[in-house]
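For what it's worth, this note's numbering labels the leading residue of the sequence shown as 305, then goes sequentially. By construction, the Cβ of each residue, glycine as well, lies at the ideal position given by its N, Cα and C atoms. Everything numeric in this text was worked out from a predicted model, so none of it was measured.
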Amino acid sequence: MDVPKVALVLLSPATDVYFRLLQMRPTLTLREHPYSILINASKDSVIPLDDSIRLVETADIGSCRLEVVDDDHTFNSLTSEDFKGWVEEAYQKGAEAAEKDAAEGGKKHFDVSLFVANSAAAEESNQQQQTTEV
305 MDVPKVALVL LSPATDVYFR LLQMRPTLTL REHPYSILIN ASKDSVIPLD
355 DSIRLVETAD IGSCRLEVVD DDHTFNSLTS EDFKGWVEEA YQKGAEAAEK
405 DAAEGGKKHF DVSLFVANSA AAEESNQQQQ TTEV
């Protein structure tokens with residue numbers, strides 16, 4: 305199915321746990337997504353760090369990164385600012401990857417309009433905030 309792919313922020317992705325439960329070989333790949341950030345806790349006893357590492361290895365070079373935080377599976381030490389930063393990074397790098405792909409002929413299933421419309425709305429929101437602050 306040709307569904308446009310978006311940037312991802314994944315917290316302790318449990319995909320390999322699912323495949324192990326079903327006794328299947330992992331088939332999920334990040335190669336189809338413009339950019340992905342995987343966040344895993346160093347003390348996570350539910351989702352092994354190795355699962356996130358395997359998933360990162362399915363991505364194209366430069367289109368994914370793994371953030372390992374000093375926490376357990378609950379991520380209680382993280383703040384909303386941490387999550388906001390990751391979402392903004394994924395969005396920005398995803399938009400850049402989608403624009404680059406479109407310039408090269410659009411061989412992947414990235415839809416640039418998913419980023420352009422939102423960035424225009426974000427810019428308008430920023431302008432409104434600046435006007436309010438003055």
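In terms of Cβ geometry, residue 359 and residue 332 form a close pair [threshold 8 Å]. By the Cβ rule, the stretch 334-342 counts as touching the stretch 383-403, because three or more pairs are nearer than 8 Å. Taking a C-beta distance under 8 Å as the contact criterion, residue 351 and residue 394 do not qualify as a contact pair. For residue 369, DSSP records a beta bridge to 341.
Taken through DSSP and simplified to helix, strand or coil, residue 309 comes out as strand. Less than 8 Å divides the Cβ of residue 309 from the Cβ of residue 414.
With respect to residue 411, residue 336 sits apart: the two C-beta atoms are not nearer than 8 Å. A buried status is given to residue 355, since no fewer than 16 other beta-carbon atoms sit within 10 Å of its beta-carbon. In this chain, residue 379 is not harboured by any alpha helix (DSSP H), its DSSP state being neither H nor E.
Around the beta-carbon of residue 348, 16 or more other beta-carbon atoms lie within 10 Å, marking it buried. Distance between residue 416 and residue 368, taken at the CA atoms: about 18 Å.
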